[in-house]
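Peer 1:
There are 2 protein chains.
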Amino acid sequence: MTNARDIDADPPLRRDAERNRRLILDAAASAFAERGLGVTMDEIAQHAGVGVGTVYRRFPNKEDLIDALFVDRLDEVTQAADEGLAHEDPWDGLVWFLERSLQLQAQNQGLKELVSGTSHGRERVTVARERLVQKVRELVDHARAAGTLREDFDAFDTPVLQTMLGSVLDFSHDVSPELWRRFFAIVLDGLRARRDAPTPLPAAALDEHQLDRAMAAWKSPRR
Amino acid sequence: MTNARDIDADPPLRRDAERNRRLILDAAASAFAERGLGVTMDEIAQHAGVGVGTVYRRFPNKEDLIDALFVDRLDEVTQAADEGLAHEDPWDGLVWFLERSLQLQAQNQGLKELVSGTSHGRERVTVARERLVQKVRELVDHARAAGTLREDFDAFDTPVLQTMLGSVLDFSHDVSPELWRRFFAIVLDGLRARRDAPTPLPAAALDEHQLDRAMAAWKSPRR
DNA sequence: GCGAAACGGAGGTAGGTACTCAACTTCTGT
DNA sequence: ACAGAAGTTGAGTACCTACCTCCGTTTCGC
Chain A
1 MTNARDIDAD PPLRRDAERN RRLILDAAAS AFAERGLGVT MDEIAQHAGV GVGTVYRRFP
61 NKEDLIDALF VDRLDEVTQA ADEGLAHEDP WDGLVWFLER SLQLQAQNQG LKELVSGTSH
121 GRERVTVARE RLVQKVRELV DHARAAGTLR EDFDAFDTPV LQTMLGSVLD FSHDVSPELW
181 RRFFAIVLDG LRARRDAPTP LPAAALDEHQ LDRAMAAWKS PRR
Chain B
1001 MTNARDIDAD PPLRRDAERN RRLILDAAAS AFAERGLGVT MDEIAQHAGV GVGTVYRRFP
1061 NKEDLIDALF VDRLDEVTQA ADEGLAHEDP WDGLVWFLER SLQLQAQNQG LKELVSGTSH
1121 GRERVTVARE RLVQKVRELV DHARAAGTLR EDFDAFDTPV LQTMLGSVLD FSHDVSPELW
1181 RRFFAIVLDG LRARRDAPTP LPAAALDEHQ LDRAMAAWKS PRR
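Those protein sequence lines, which keep their order, are chains A and B. Just so we're aligned, residue 1 is where the first sequence starts under the working numbering, counting upward by one. Just so we're aligned, residue 1001 is where the second sequence starts under the working numbering, counting upward by one.
1) Taking 8 angstroms as the threshold (beta carbon to beta carbon), is Thr1163(B) in contact with chain A?
2) Could you check if Leu13(A) is buried or exposed, using at least 16 other CB atoms within 10 Å of its CB as the buried criterion?
3) If the cut is a Cβ gap below 9 angstroms, which residues of chain A does Glu1208(B) touch?
4) Would you decide whether Asn1020(B) is buried or exposed? Buried here means 16 or more other CB atoms lie within 10 Å of its CB.
5) I need the straight-line Cα distance from Thr54(A) to Ala45(A), nearest angstrom please.
6) Is the Cβ of Pro90(A) closer than 8 angstroms to any Cβ of chain B?
7) Quick one: does Gly190(A) have its CB under 8 angstroms from some CB of chain B?
8) Which residues, taken in chain order from the segment 1067 to 1081 of chain B, show a beta carbon closer than 8 angstroms to some beta carbon of chain A?
9) Can you tell which of Asp174(A), Arg181(A), Phe183(A), Ala185(A) has its C-alpha closest to the C-alpha of His224(A)?
10) So, at 7 angstroms on beta carbons, what are the nonlocal neighbours of Asp310(A) in its own chain, with the 5 sequence-adjacent residues on each side left out?
11) If we ignore side chains and look at the alpha-carbon of each, how far apart do Arg131(A) and Thr78(A) end up?
12) Starting from the C-beta of Asp1042(B), find all residues in its chain whose C-beta is less than 7 angstroms away, skip the five residues before and the five after it, and write them out in chain order.
13) Would you decide whether Gln134(A) is buried or exposed? Buried here means 16 or more other CB atoms lie within 10 Å of its CB.
14) Looking at the structure shown, is Arg1137(B) part of a helix, part of a strand, or coil, going by DSSP?
15) Under 8 angstroms: do the segment 56 to 64 of chain A and the segment 103 to 117 of chain A share three or more Cβ pairs, one atom per stretch?
16) Just reading off the alpha helix (DSSP H) that Ser172(A) is part of, what are its end residues?
17) Report the three-state DSSP secondary structure of Leu1013(B) (helix, strand or coil).
18) Does Asn20(A) get closer than 8 angstroms to chain B when you measure Cβ to Cβ?
19) Cα-Cα, which of Leu1098(B), Leu1023(B), Gly1049(B) is closest to Ala1185(B)?
20) Mind the definition here: the segment 164 to 174 of chain A touches the segment 190 to 202 of chain A only if three or more C-beta pairs lie below 8 angstroms; say whether that holds.
21) Taking Ala1048(B) as the reference, give the member of Leu1037(B), Arg1035(B), Ile1024(B), Trp1091(B) with the closest Cα.
22) Pull up the distance between the alpha-carbon of Arg1073(B) and that of Ala1080(B), whole angstroms please.
23) Name, going along the chain, the residues of the segment 1163 to 1188 of chain B whose beta-carbon falls closer than 9 angstroms to a beta-carbon of chain A.
24) Would you report the Cα separation of Asp1006(B) and Glu1083(B), rounded to the nearest angstrom?
25) Of the choices Leu1139(B), Trp1180(B), Asp1016(B), Ser1030(B), whose alpha-carbon is the least far from that of His1087(B)?
26) Over what stretch of residues does the alpha helix (DSSP H) that includes Ser1101(B) continue unbroken?
27) Excluding five sequence neighbours on each side, which residues of the same chain lie with their C-beta closer than 6 angstroms to the C-beta of Val999(B)?
28) In terms of DSSP beta bridges, what is Leu1149(B) paired with?
29) Residues of chain A with CB closer than 7 angstroms to the CB of Leu1201(B), please, in chain order.
30) If you measure from the beta carbon of Leu1211(B) to each beta carbon in chain A, is any gap under 8 angstroms?
31) What is the C-beta distance between Val1160(B) and Phe1070(B), in whole angstroms, given that I count them as a contact (C-beta under 8 angstroms)?
32) Since I believe Trp1180(B) is in contact with Leu1094(B) (beta carbons under 8 angstroms), could you give me their beta-carbon distance rounded to a whole number of angstroms?
33) Which word fits Ala28(A), buried or exposed, when buried means at least 16 other C-beta atoms lie within 10 angstroms of its C-beta?
34) Could you name the residues of chain A that Val1225(B) contacts, counting a contact when the two beta carbons are closer than 9 angstroms?
35) Going by C-alpha to C-alpha distance, which of Gln109(A), Arg35(A), Asp152(A), Asp75(A) sits closest to Pro1200(B)?
36) Go through its chain and collect everything with a Cβ distance to Pro1177(B)'s Cβ below 7 angstroms, but skip five positions before and after it.
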């Protein structure tokens, strides 16, 4: 007799199909990471070395593919929040989280787009995002209660902060991938309740050539 | 005898044409200001109450229209830099400029897109932008030399700073148009060489509802 | 009242992308 | 060995968006 689980479970994939599924997942992961959620399904198929039709056989649409790929990535960010929450000093915990989160987003353009509100992704991604937001609020509230974070900073300011630093990621990614650390350090100095002298900046400023390149590549959003 | 100027000068427009030219300029100015350079020529024509053909009769293409409209706006920003340069205290001058520049960009979405590097606009706009960049460098160098601006801040960091704060403008414009002032204040605290306690934040944080709306509307750039 | 200038706006053109489908290929259990 | 189910393919479809053109019609100025 077959039980409920056997009925629900899809039959195993044929060997070639399983291999292609992996190729697609790998290609999609690296394409989304490098160039964001805007990559076309055709590009993903080409990278995977299969036809577009094959991609659509496995993943009915693009959102489903994103969903399958990014739940784990978002969980990594949530885990960073948990690690931050576990720190003894709440300020250190907040900084730990912000830095790790930004670093993950710097490594993964698609994750960045997902974290900062773009409506991409399906239910599982949305749920993961909400869990994250909750934890980040705790993190901020603790740091403020401890008195290291300036008092007038609000938990609802954090997504704006992330968007703001995320734009530095976009701006300079191709030209100086670590530049965000400079501005993160500046912002942190601005977030501390008290401070005597600035914390040294961790990355080099852009030079003229890099700046030109970044500005030329920068496209503003909106409709 | 007709001199060189008469030969170069276009014959005056017919009365109706002149009237429409103004209608188009006005409609384009407010559309670009409110919704950015992405507005379509058809929208502009409709706002002006004329046909698209009429717009194209006066302005051969969209770039020319942008050019005609934005040279003056960019000069306003440059003027703010000059005013900043005229301040007695170089730090106050820098803050004056940044605040005024951001404020102008907050009022004019199109200006914001033009200032932060998008390749829109033709030669006259490009020239105006370069003049501006030069002045901003002076401003930064003075403030650093005076010792109020942190030493490790570089003149080439300024466009990144503007992009960063510009993203706050994009993020919250529809929901809380003054929010940028909060983050501007935070960043300024991070830019000061020394400081005891945080400067009070000038705008309210977003509430949950506003944040949801902003996140939903936020689209990331890239291809 | 005539000719030149200006107008309007439907449609041409170009570019881009998610997704489909019918003909073909590969796998697997017997 | 082979049947037929499962899988593959990629040109094609459907759809969108936005700049710009064209030409029949209207308005202006002399």
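Ideal placement from N, C-alpha and C gives every residue a C-beta, glycine not left out.
Peer 2: The relevant details are as follows:
1) Stepping through the second sequence from its first residue, residue 1163(B) is reached at position 163. Yes - at least one Cβ of chain A is within 8 angstroms of the one on Thr1163(B).
2) By 1-based counting over the first sequence, the position of residue 13(A) is 13. Counting Cβ neighbours within 10 Å, Leu13(A) comes out exposed, since fewer than 16 surround it.
3) If you number the second sequence from 1, residue 1208(B) lands on position 208. Within chain A, the residues near Glu1208(B) are Phe156.
4) Walking along the second sequence from the start, residue 1020(B) turns up at place 20. Per the 10 Å Cβ criterion, buried.
5) Sequence index remark: in the first sequence, residue 54(A) carries index 54 (1-based). Sequence index remark: in the first sequence, residue 45(A) carries index 45 (1-based). Using only the alpha carbons, I get a separation of about 8 angstroms.
6) For this step, residue 90(A) is matched to residue 90 along the first sequence. Not an interface residue.
7) To locate residue 190(A), count along the first sequence from 1; it is residue 190. Closer than 8 angstroms to some Cβ of chain B, the Cβ of Gly190(A) qualifies, so yes.
8) none
9) The requested residue 224(A) does not occur in the structure, where chain A is confined to residues 1 to 223.
10) Only positions 1 to 223 of chain A appear in the structure, and residue 310(A) is not among them; the question remains open.
11) Sequence index remark: in the first sequence, residue 131(A) carries index 131 (1-based). Sequence index remark: in the first sequence, residue 78(A) carries index 78 (1-based). Distance between the alpha carbons of Arg131(A) and Thr78(A) is about 7 angstroms.
12) By 1-based counting over the second sequence, the position of residue 1042(B) is 42. Excluding positions up to five away in sequence, the list reads Val1052.
13) By one-based count along the first sequence, residue 134(A) stands at place 134. Label assigned to Gln134(A): exposed.
14) Indexing the second sequence from 1 puts residue 1137(B) at position 137. In the structure shown, Arg1137(B) sits in a helix (DSSP, three-state: H, G or I).
15) no
16) Taking the first residue of the first sequence as 1, we reach residue 172(A) at position 172. Per DSSP, Ser172(A) belongs to the alpha helix (DSSP H) from 158 to 172.
17) For this step, residue 1013(B) is matched to residue 13 along the second sequence. Coil.
18) Taking the first residue of the first sequence as 1, we reach residue 20(A) at position 20. Chain B contact via Cβ: absent.
19) Indexing the second sequence from 1 puts residue 1185(B) at position 185. Out of Leu1098(B), Leu1023(B), Gly1049(B), Leu1098(B) has the C-alpha closest to the C-alpha of Ala1185(B).
20) no
21) Locating residue 1048(B) in the second sequence gives position 48, counting from the first residue. With distances taken between Cα atoms, Ala1048(B) lies closest to Ile1024(B).
22) Position 73 of the second sequence, counting from 1, holds the residue named residue 1073(B). Position 80 of the second sequence, counting from 1, holds the residue named residue 1080(B). About 11 angstroms.
23) Thr1163, Met1164, Leu1165, Gly1166, Ser1167, Val1168, Asp1170, Phe1171, Ser1172, Leu1179, Arg1182, Phe1183, Ala1185, Ile1186, Val1187, Leu1188
24) Position 6 of the second sequence holds residue 1006(B). Position 83 of the second sequence holds residue 1083(B). Caution is warranted here: a pLDDT of 47 is assigned to Asp1006(B), below 50, making its placement in the model unreliable, and the coordinate value is therefore given only provisionally. So the two alpha carbons sit approximately 38 angstroms from each other.
25) Start at 1 with the first residue of the second sequence, and residue 1087(B) comes out as number 87. Checked all of Leu1139(B), Trp1180(B), Asp1016(B), Ser1030(B); the closest Cα to His1087(B) is Leu1139(B).
26) By one-based count along the second sequence, residue 1101(B) stands at place 101. Counting along the chain, the alpha helix (DSSP H) containing Ser1101(B) begins and ends at 1090 to 1107.
27) What is shown of chain B runs 1001 to 1223, which leaves residue 999(B) out entirely.
28) Position 149 of the second sequence, counted from the start, is the residue given in the question as residue 1149(B). Partner(s): Arg1192(B).
29) Stepping through the second sequence from its first residue, residue 1201(B) is reached at position 201. Here the neighbours are Asp152.
30) Position 211 of the second sequence, counted from the start, is the residue given in the question as residue 1211(B). Yes - at least one Cβ of chain A is within 8 angstroms of the one on Leu1211(B).
31) Numbered from 1 along the second sequence, position 160 holds the residue referred to as residue 1160(B). Numbered from 1 along the second sequence, position 70 holds the residue referred to as residue 1070(B). So it is not a contact: roughly 22 angstroms between Cβ atoms.
32) By one-based count along the second sequence, residue 1094(B) stands at place 94. By one-based count along the second sequence, residue 1180(B) stands at place 180. Not really, about 17 angstroms apart at Cβ, beyond 8 angstroms.
33) Here residue 28(A) refers to the residue found at position 28 of the first sequence. Buried: at least 16 other Cβ atoms inside 10 Å.
34) Here chain B has residues from 1001 to 1223 only, and residue 1225(B) is not among them.
35) Counted from its first residue, the second sequence places residue 1200(B) at position 200. Checking every option, the nearest Cα to that of Pro1200(B) belongs to Asp152(A).
36) Along the second sequence, read from residue 1 onward, the residue named residue 1177(B) stands at position 177. The answer, listed in chain order, is Ala1106.
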